[in-house]
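Chemist: What follows is a single structure, and I will ask about it in a moment.
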Amino acid sequence: MRLTVLGCAGSFPGPESACSAYLVEAEGFRLLIDFGSGSLSALQRYAGLHSIDAILLTHLHCDHMLDACTYVVVRRYAPDGPYPPLPVYAPAGAPERIATAYSADEGSVEDVYTFYGLQPGSFPIGPFTVTVDQVNHPVETYGVRLEHGGRSLVYSSDTAPCEALLRLAQGADLFLCEASYLDAVENPPDLHLTGREAGEIATKAGVGKLLLTHLVAAWGSESLTHEEATSTFAGPVEIVRPGARYDV
Ligand SMILES: [Zn+2]
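Going by the numbering used here, the sequence shown opens with residue 1, and the numbers climb by one from there.
Set out below in C-alpha cells:
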C-alpha cells in the first residue's frame, strides 16, 4: 500500500496545508479517505483530478468532506464527461448533506456518487480489506483500518481516546493518528487527542510507526506535539506534511 498525504490541517485549512485527505493506493486502485476543505487542489497537485476509484468519508464535519461537494462539478460538467458515479462510503446522511452543501436548489448528487452507508465491521473496497468502527467524536465518526498484502494502515479520523480506536490500531504497521490538542491546556472532552494520548494508544496497540496528523497550525505547536508523542511512544514518530508518501 502507498499512502499519499493530500491534506493534514486540523479543523480548518492552514497556511501550508488543506484539510484532511489521504490517498491510499494498491494494485492500481486508488481510495481517497476524507476529502476536506481545500484538498481538491492538493489532489491535482500530488495525484490527478481523476485519480480516485472510491471515496471513504469518516464523518461529515466540513474539514473532512467539503470538497466532495466541490468535486461534483469536476465529474458532472467535465468536457469529456459526465463521469460515471463514484462509490462513496460514508456515514448516514451523506447524500443529503453533500447535495445541500453543493446547492440548495439542484437536488440529488446521485448521478455523481453511489453511496454506501458505513457501519462497524469489515468489507472490501477494491483490493483492500477495510474495517471501520465508531470512535469518540460528537457526530457519527469512523476510525479505519486498511489491510492489503499482509500489511496494515490505521487512520484514527477525529476522536478522543476510546476502546474502538485501540482495537482498530492493534499491531498496525502504520498508525496515522490525529493529535489536535496540546496536553498543557484544558481541552473539551470527547472530541480530540493530544500527542501524548496518540503516543499512549500507539504503545498499547503495539504499532510499527506513528504518524501525527490533524494538528491545528494556528492554535498548536508541532514541536510540543511531537515531544508529547515521543514521551509515550518509543517507536518512530513523524508529523505528516502535504505531499508526503509512505509505503506500507
Ligand atoms: Zn471532526
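Ideal placement from N, C-alpha and C gives every residue a C-beta, glycine not left out.
Which of the three DSSP states is assigned to residue 92 in this structure?
Modeler: coil
Chemist: Could you check how far apart the C-beta atoms of residue 64 and residue 140 are, in whole angstroms? I think they sit under 8 Å.
Modeler: Going by Cβ atoms, the distance from residue 64 to residue 140 rounds to 12 Å, so no, they are not a contact pair.
Chemist: So what does DSSP say about residue 276, is it helix, strand or coil?
Modeler: Given a span of 1 to 248 for the chain in the structure shown, any question on residue 276 remains unanswerable.
Chemist: Whole angstroms is fine: what's the gap from residue 153's alpha carbon to residue 248's?
Modeler: 7 Å
Chemist: Put residue 133 into one of helix, strand or coil per three-state DSSP.
Modeler: Three-state result, residue 133: strand.
Chemist: Since residue 118 contacts residue 24 with CB under 8 Å, what's their CB separation in whole angstroms?
Modeler: At roughly 16 Å, the Cβ-Cβ gap does not stay under 8 Å, so residue 118 and residue 24 are not in contact.
Chemist: Excluding the 5 residues flanking residue 197 on each side, which residues of the same chain have their C-beta closer than 7 Å to its C-beta?
Modeler: 161
Chemist: Tell me whether the stretch 195-212 and the stretch 164-178 touch, counting them as touching only if at least three CB pairs, one residue from each stretch, are closer than 8 Å.
Modeler: yes
Chemist: Should residue 96 be labelled buried (16 or more other beta-carbon atoms within 10 Å of its own) or exposed?
Modeler: By the C-beta density criterion, residue 96 is exposed, having fewer than 16 other C-beta atoms within 10 angstroms.
Chemist: How would you call residue 242, buried or exposed, if buried means at least 16 neighbouring beta carbons within 10 angstroms?
Modeler: So residue 242 counts as buried.
Chemist: Can you tell me whether residue 112 is buried or exposed, with buried defined as 16 or more other CB within 10 angstroms of its CB?
Modeler: buried
Chemist: Could you tell me whether the stretch 211-229 touches the stretch 3-16, where touching means 3 or more Cβ pairs closer than 8 Å?
Modeler: yes
Chemist: So is the beta-carbon of residue 288 under 6 Å away from any non-hydrogen atom of ligand 1?
Modeler: In the structure as shown, the chain starts at 1 and stops at 248, and residue 288 therefore has no counterpart that could be examined.
Chemist: Residue 13: buried (16+ other C-beta within 10 angstroms of its C-beta) or exposed?
Modeler: buried
Chemist: Would you say the beta carbon of residue 61 is closer than 6 Å to some non-hydrogen atom of ligand 1?
Modeler: yes
Chemist: Would you mind working out which of 26, 210 and 69 sits nearest residue 124, comparing C-alpha positions?
Modeler: The residue with the shortest Cα to Cα distance from residue 124 is 26.
Chemist: Cutting at 6 Å between CB atoms, please list the residues of its own chain near residue 43, excluding the five before and the five after it.
Modeler: The answer, listed in chain order, is 6.
Chemist: Counting C-beta neighbours from all protein chains within 10 Å, is the total for residue 107 16 or more, i.e. buried, or is it exposed?
Modeler: exposed
Chemist: If I follow the unbroken beta strand (DSSP E) through residue 200, where does it start and stop?
Modeler: Run containing residue 200: none in the beta strand (DSSP E); it sits in the alpha helix (DSSP H), 195-205.
Chemist: Look up residue 26 in the DSSP assignment and give the residues it is bridged to.
Modeler: BP columns for residue 26 point to 29.
Chemist: Quick one: Cα of residue 50 to Cα of residue 83, how far?
Modeler: 9 Å
Chemist: Assuming residue 191 and residue 177 form a contact by the criterion Cβ under 8 Å, report the distance between their Cβ atoms to the nearest whole angstrom.
Modeler: Contact flag wrong, Cβ pair sits at about 15 Å.
Chemist: Count the other C-beta atoms from every protein chain shown that fall within 10 angstroms of the C-beta of residue 129, then say buried if there are 16 or more, exposed otherwise.
Modeler: exposed
Chemist: For residue 63, report the span of its alpha helix (DSSP H) as first-last.
Modeler: 62-65
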